[in-house]
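Visitor: Mapping of the sequence shown onto our numbering: residues 8 to 65, in sequence order.
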Amino acid sequence: MTDFDLIFVILVCWAMGMQLGYALGFHRACNRLIPELNQERETVARLKLLARMQGEQS
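(1) Just verifying my parser: in three-state terms, what is the DSSP assignment at Thr-50?
(2) Just to confirm, is the Cβ distance from Met-8 to Val-19 under 9 Å?
(3) On the three-state DSSP scale, how would you describe Met-8?
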């Protein structure tokens, strides 16, 4: 294996590690944000329903 091949293999492994780290970080961030987004959607839906019900009563 020449020096060029060794450098190329090292760079490819480094790039794969960077991609894997990015993917895992993105996955963790999504898992943390999705429950918060669902909770906010439920809150908005409840408020809309409450406003609609109060609008019908008046």
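We treat Cβ as the ideally placed atom computed from N, Cα and C, and that holds for glycine.
Guide: A quick look at the data gives this:
(1) helix
(2) no
(3) coil
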